[in-house]
Amino acid sequence: MTNEVLQADSDLSDYETPLNLEPQQKKYVELPNTADEDRMYDHVVIGGTFDNLHSGHKMLISAAILRAKKSLTIGVTDSIMIKTKKLWELIEPCQTRIKKLEEFLMDVEPRLEYRVVPITDLYGPTKDDPALQLLVVSEETQRGGLKINELRKEKGMNLLDIHTISIIDDHHAGVEEESKISSSSFRKRLLGSHIQPPKPFVIGLTGGTASGKSTIAKRLKDLGAHTISCDQLGHLAYKKGTECYRQMVEYFGPAILNEDNEVDRKKLGPLVFSNKEHLERLNMMVWPEIRRLYTKEINELRERNFQGVVVLDAAVLLEAGWQEDCADVWVAMIPKEEAIKRIVERDRLSPEQAAKRVECQLSNSDRVASANVVICSSWEPEVTAAQVLKAWKFVQEFLEN
2 MTNEVLQADS
12 DLSDYETPLN
22 LEPQQKKYVE
32 LPNTADEDRM
42 YDHVVIGGTF
52 DNLHSGHKML
62 ISAAILRAKK
72 SLTIGVTDSI
82 MIKTKKLWEL
92 IEPCQTRIKK
102 LEEFLMDVEP
112 RLEYRVVPIT
122 DLYGPTKDDP
132 ALQLLVVSEE
142 TQRGGLKINE
152 LRKEKGMNLL
162 DIHTISIIDD
172 HHAGVEEESK
182 ISSSSFRKRL
192 LGSHIQPPKP
202 FVIGLTGGTA
212 SGKSTIAKRL
222 KDLGAHTISC
232 DQLGHLAYKK
242 GTECYRQMVE
252 YFGPAILNED
262 NEVDRKKLGP
272 LVFSNKEHLE
282 RLNMMVWPEI
292 RRLYTKEINE
302 LRERNFQGVV
312 VLDAAVLLEA
322 GWQEDCADVW
332 VAMIPKEEAI
342 KRIVERDRLS
352 PEQAAKRVEC
362 QLSNSDRVAS
372 ANVVICSSWE
382 PEVTAAQVLK
392 AWKFVQEFLE
402 N
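What follows is the structure in structure tokens.
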């Protein structure tokens, strides 16, 4: 009879193809199908690793579904069985593979009864389920099918009809990969690439004064990111009663305090922005405490199994070295002249004061040199929003794939 064309990448074979830098040749013997060509069966079974569910897997499963009237049982290799596979360390966890299979099955044919179970030996459910009638295998796993029937015969059980599927050639295979579509070739292609993004995925968002950074952070929050404002953490860092507060009052004097004896930023600002030594001393007091606070928050998210995006909103991200804690660095920027204009309008400063504040910061060029993503807010808000959305979609695609 004519076989459909596909590959199972199944663990029902009794051998492992050795690593070979030459194109792989078929090392199996063709055996005849024992299943009637047009017959449907109440209970069908297949088995395999089903790592990184690919077209070969899907065609095998579809062929089994087409033969099944009531139920399909799928054995998914686990434990010691996967350790005979090439690069088995890269194989997805068994429960992940089972979940993907279940989702695919419900998409294809939700009316059948499915049993998707882990297996730790060649036989799986076939060794003790008398209701099974048909085993679907690939050409390279036919021998495994014969072994299953040998065991069932010894136990006095009905023999399974065997339906054999041919293998799909992989036209994109490299010389070091198998010529068939297979998960092992996919795992080889993972070598040298990022196989898992950090979770949560931390974006360090930075930019100079009036660059639109805070608005960008808000847009990212609206898109689903968890945002951490290092500016707000700075307030906590030197709140009255903290060690940082004590150091600041000791160094700068009580003149930086308001009527509630809290640090007044408006009083502190002129002192540090006009004196480089004062600014460096302040940073030495505050930055380590801010880092401790945001690290604590990220760790708490990780403990709650948060696997999304965290945005670390920090004007001094690069100056403080916090980019080391981030997977991506995003820079908000505007031309220097526009920054001065915005500061004058927003903070009611003279152009000279605004210029001095800008000069105290890293230049746009310095920031861009460390950036993975650059967003410029010089134009209308919707233009900035489009840039943010584009970058967000790229990150989401990276995390999903």
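To convert, count from 1 in the sequence shown and add 1; that's our numbering. All C-beta atoms in this analysis are idealised placements derived from N, C-alpha and C, irrespective of residue type, glycine included. Quick caveat: nothing in here was measured; it's all calculated off a predicted structure.
| Item | Value |
| --- | --- |
| Pop quiz: I204 and W331 are said to be a contact at Cβ under 8 Å. What is the actual Cβ separation, rounded to whole angstroms? | 6 Å |
| Using a 10 Å radius around the Cβ and a threshold of 16 neighbouring Cβ atoms, would you call L160 buried or exposed? | exposed |
| Give the straight-line distance between the Cα atoms of L224 and F399, rounded to the nearest whole angstrom. | 16 Å |
| Could you tell me how far apart the beta carbons of I217 and A333 are, in whole angstroms, since I believe they sit closer than 8 Å? | 5 Å |
| Out of curiosity, what's the CA-to-CA distance linking L91 and E339? | 50 Å |
| Would G146 and L123 be called neighbours here (beta carbons separated by less than 8 Å)? | no |
| How many whole angstroms separate the CB atoms of V312 and T228, which I take to be in contact at a CB cut-off of 8 Å? | 5 Å |
| Which stretch, first to last residue, makes up the beta strand (DSSP E) that contains T78? | 69 to 78 |
| How about the region 247 to 254 and the region 275 to 290: do they share at least three Cβ pairs that are nearer than 8 Å? | yes |
| Under the rule that 16 or more other beta-carbon atoms within 10 Å means buried, what is Y252, buried or exposed? | exposed |
| Output the boundary residues of the alpha helix (DSSP H) element that contains F395. | 382 to 401 |
| Leaving out five residues on either side along the sequence, give the residues of the same chain with a beta carbon under 8 Å from the beta carbon of F259. | Before going on, a small fix: residue 259 reads as Asn here, not Phe. Cβ neighbours of N259 beyond the five flanking positions: D265, K268. |
| Which value, in whole angstroms, describes the spacing of the CA atoms of D404 and I335? | Any property of residue 404 remains undetermined from this structure, which presents the chain solely from 2 to 402. |
| Three-state secondary structure (DSSP) at F307? | coil |
| Mind checking which residues open and close the beta strand (DSSP E) that includes P119? | 114 to 120 |
| Is L22 helix, strand or coil by DSSP? | Caution is warranted here: a pLDDT of 28 is assigned to L22, below 50, making its placement in the model unreliable, and the coordinate value is therefore given only provisionally. Coil. |
| Please name the residue or residues paired with A333 in a DSSP beta bridge. | G208, I376 |
| From the DSSP output, in three-state form, read off G48 for me. | strand |
| Can you tell me whether S80 is buried or exposed, with buried defined as 16 or more other CB within 10 angstroms of its CB? | exposed |
| Go to D162, then tell me how far its beta strand (DSSP E) extends in each direction, as first and last residue. | 162 to 166 |
| Of the choices L319, E383, V389, whose alpha-carbon is the least far from that of S409? | Residue 409 is absent from the structure shown; the chain starts at 2 and stops at 402. |
| Give me, in chain order, the residues of the same chain whose beta-carbon lies closer than 8 Å to that of S351; leave out the 5 immediate sequence neighbours on both sides. | V345 |
| What's the gap between the Cα of V374 and the Cα of W393? | 10 Å |
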